[in-house]
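Data block below; observations after.
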Amino acid sequence: MKNKFTGFAIALAWPQTWCKQPNAWYDSLLLRLGISVNHYYRAGHAALVLVEKSTGDCHYFDFGRYHAPFEHGRVRSATTDHDLDLPRKAQITADGKTITNLREIMEFLHQNQACHGNGDLYGSYTEINFKKAFEKSKEMQQQSPIPYGPFVRKGSNCSRFVHTAVLAGNPKSKHAFRLKYNIPLTPTPMSNVNALDRKTKVSAPQPWELFYPALKPDESTLQGTLPQPVRSKTIPAKAQWLAGEGAGSWIYIEKTDAKNFEVTRFAPEGIIECKSLFKNNTPNAFDPEKSFDLLHPSHCQGITIRQNDKLIMLTIEERVSKQALKRDLAELELG
Numbered sequence: 002m003k004n005k006f007t008g009f010a011i012a013l014a015w016p017q018t019w020c021k022q023p024n025a026w027y028d029s030l031l032l033r034l035g036i037s038v039n040h041y042y043r044a045g046h047a048a049l050v051l052v053e054k055s056t057g058d059c060h061y062f063d064f065g066r067y068h069a070p071f072e073h074g075r076v077r078s079a080t081t082d083h084d085l086d087l088p089r090k091a092q093i094t095a096d097g098k099t100i101t102n103l104r105e106i107m108e109f110l111h112q113n114q115a116c117h118g119n120g121d122l123y124g125s126y127t128e129i130n131f132k133k134a135f136e137k138s139k140e141m142q143q144q145s146p147i148p149y150g151p152f153v154r155k156g157s158n159c160s161r162f163v164h165t166a167v168l169a170g171n172p173k174s175k176h177a178f179r180l181k182y183n184i185p186l187t188p189t190p191m192s193n194v195n196a197l198d199r200k201t202k203v204s205a206p207q208p209w210e211l212f213y214p215a216l217k218p219d220e221s222t223l224q225g226t227l228p229q230p231v232r233s234k235t236i237p238a239k240a241q242w243l244a245g246e247g248a249g250s251w252i253y254i255e256k257t258d259a260k261n262f263e264v265t266r267f268a269p270e271g272i273i274e275c276k277s278l279f280k281n282n283t284p285n286a287f288d289p290e291k292s293f294d295l296l297h298p299s300h301c302q303g304i305t306i307r308q309n310d311k312l313i314m315l316t317i318e319e320r321v322s323k324q325a326l327k328r329d330l331a332e333l334e335l336g
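What the sequence shown shows, in the working numbering, is residues 2 to 336, in sequence order.
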């Protein structure tokens, strides 16, 4: 009989992470009760790594308000956000039931600021049908942006996404039962981790700067996405700012020929996050030298543009190598 468990789902949790309020009806009440601090909740952050047993390949996914419209989030992976690459292979025992280097995988992710986790990291895992969990994660990625919130109908947040994806992989019955019933009102980062086996903790490096919402944010930042920051000297003058509530980037588009473009995404401080060659597969012509609006969704896999009241989609053709990115960054810093 063919083994139905073709992979693993690793649930990850940073329970010490503070998150901006979801702009829900209960925010003002919980602020008065002291459950939130200056419009932030210590809700934690959740993420997921799907491991394919046949190859040991690890695929990172999470959900958050990154480069998404106000009150919305999206599913991220290394496909849409190249700084989420996970170049570690899972080492699996001969019987296919145990990952022997879970800590190594977690330590690598813990050092990646693009994961947006803060504080100690917890992880655990279960065997799953890899194809089903992976396809569900990709399906939600295609549906993004998705309304954000722990209780929003047809919406999601980081914990709900992990919960949904793991269950889609048909885990062992004991883990499915815990995920479905051993939770509070809604899934949390730690309820996902506690539902699975081989719980592991990776402590935050010391000294660790743990974010705390000590100051009340400007009211305008609570009702929209992140404001445009001061433009770093490495950011081209024609780059446009695209943000969500949790993260934003500068996006610069250069024309290489009639249908092809080079797109670079910069972090607020000027570091290159991704750079690729894109193609305009729509019938509408696009000229980056003329006025245009950069729209959601736009990420390292696809760019959405409106120019002359027409929608244009740029899709990735070829990713620029990491070596080339390092050279480009060095040239920008020298310039």
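Beta carbons are placed, not taken as given, at the ideal position from N, Cα and C, and that holds for glycine.
Query                                                                                                                                                                       : Result
DSSP state of F135, grouped into three classes?                                                                                                                             : helix
Please check the pair T265 and K276, which I expect to be a contact at CB under 8 Å, by giving their CB distance rounded to whole angstroms.                                : 4 Å
With a 10 Å radius around its C-beta and 16 neighbouring C-beta atoms as the bar for buried, classify R161 as buried or exposed.                                            : buried
Give the single residue among I93, H40, C159, K311 whose Cα lies nearest to the Cα of A25.                                                                                  : H40
By the DSSP assignment, the alpha helix (DSSP H) with D28 in it spans what residues?                                                                                        : 28–33
Please check the pair G124 and V194, which I expect to be a contact at CB under 8 Å, by giving their CB distance rounded to whole angstroms.                                : 7 Å
How should M2 be labelled, buried or exposed, when 16 other C-beta atoms within 10 angstroms of its C-beta is the threshold for buried?                                     : Low confidence applies here, because M2 scores a pLDDT of 46, under 50, leaving its location unreliable and the question unanswered by this model.
Hey, could you find the ends of the alpha helix (DSSP H) Y182 is sitting in?                                                                                                : 174–182
Determine which residues share a DSSP beta bridge with N261 and list them.                                                                                                  : K280
Tell me which residues share the same chain as N130 and place their Cβ nearer than 8 Å to its Cβ, disregarding the 5 neighbours each side in the sequence.                  : K5, F6, T7, G8, G170, N171
Taking all protein chains shown into account, do 16 or more other C-beta atoms lie within 10 angstroms of the C-beta of A10, making it buried, or fewer, making it exposed? : buried
When you compare only the Cα positions, how much space is there between A240 and W251?                                                                                      : 6 Å
Tell me which residues share the same chain as T18 and place their Cβ nearer than 7 Å to its Cβ, disregarding the 5 neighbours each side in the sequence.                   : G45, H46, G118, N119, G120
If we call anything under 8 Å between Cβ atoms a contact, is E72 one with Y149?                                                                                             : yes
Mind checking who Q308 pairs with in its DSSP beta bridge?                                                                                                                  : K311
Using only CA atoms, which one of E318, P218, Q229 lies nearest to K260?                                                                                                    : E318
Can you tell me whether S125 is helix, strand or coil according to DSSP?                                                                                                    : strand
DSSP has H60 in a bridge; who is on the other side?                                                                                                                         : L51
Taking the CB atoms as reference points, tell me whether G65 and G74 lie closer together than 8 Å.                                                                          : yes
What number of angstroms, rounded off, separates the C-alpha of F62 from the C-alpha of K217?                                                                               : 31 Å
Given a threshold of 16 other Cβ atoms within 10 Å of its Cβ, counted over all protein chains shown, does I100 qualify as buried or as exposed?                             : buried
Strictly by DSSP, which residues pair up with E72?                                                                                                                          : For E72, which the question treats as bridged, DSSP gives no partner whatsoever.
Check for me: the beta strand (DSSP E) holding A12 runs from which residue to which?                                                                                        : 8–15
Using three-state DSSP, classify E205 as helix, strand or coil.                                                                                                             : According to the sequence shown, residue 205 is Ala rather than Glu. A205 falls in the coil class under three-state DSSP.
Confirm, please, whether the CB-CB distance from R89 to C116 is below 8 Å.                                                                                                  : no
Taking the C-alpha atoms as reference points, what is the distance between D219 and P228?                                                                                   : 11 Å
Whose CA, out of W15, D86, I36, R43, lies closest to the CA of C301?                                                                                                        : D86
Using alpha carbons as the reference points, say which of S233, P70, H83, C159 lies closest to T305.                                                                        : P70
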